[in-house]
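Reading the sequence shown from the start, the letters are residues 1 to 172 in my numbering.
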Amino acid sequence: MAGAERRKCKCCHKLFRPDPRNRRHHRYCTAPSCRAASKAASQARWLAAPENRDYFRGPVNVARVKAWRSRHPGYWRAGVALQDLSLAQDVDSTNKTVDSAHPALQEIILAQPAVLIGLIAHIAGTPLQDEIARTTDRLLRLGQDILASSAARSPRPSLTAGHGRDRLRDIL
């Protein structure tokens, strides 16, 4: 029986039955972690190809994205990005006692990188990765310069006392 063939998953190493329509390519089982590993491996293979290495970089692609964004103003601010839609999780309706006004600490911590990137995109005035990277580099150099000048003036600055706040005002 051809459909009874079992294969070992490349991620979890458990036996599974590959989809008969895609048997020769099917190397991962359907567990969510294995599907994520499959997608990561697929993307890594695609990016490793010489013709794809700079697919998302360079002035031609920046111009292409800028042109698309000019035709679709406010798209990135108005709603959810496509990658966010693919990562959306089902709402668990069984847990009705959770206070949604106070998110869990883990959720706040995990959201911080997104908030930081959003803040930098807001400062830069664009969601383009190249512009965000340039703005981030500029902000990093500025912060390092501020910290270096602060360290040169005093080996241990204290910002908790009133004179510490004055010192921070002088730095900024």
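Cβ atoms here follow ideal geometry from the backbone N, Cα and C, with glycine treated the same way.
| Asked | Found |
| --- | --- |
| K66 to R7 span [Cα, whole Å] | 46 Å |
| N- and C-terminal bounds of the alpha helix (DSSP H) containing D137 | 129 to 153 |
| Buried/exposed call for D99, threshold 16 Cβ in 10 Å | Its pLDDT being 48, under 50, D99 is placed unreliably by the model, and the measurement read from it follows with that caveat. By the neighbour-count rule (16 or more Cβ atoms within 10 Å), D99 is not buried but exposed. |
| Through-space distance from R69 to P59, alpha-carbon basis | 15 Å |
| Three-state class that DSSP yields for R45 in the structure shown | helix |
| Beta-carbon proximity of D137 to V62, cut-off 8 Å | no |
| Contacting residues, own chain, Cβ-Cβ under 6 Å from P18 (five flanking each side not counted) | R7, H26 |
| Presumed contact (8 Å Cβ cut-off) between A40 and Y28, rounded CB distance | The Cβ separation is near 10 Å, so there is no contact. |
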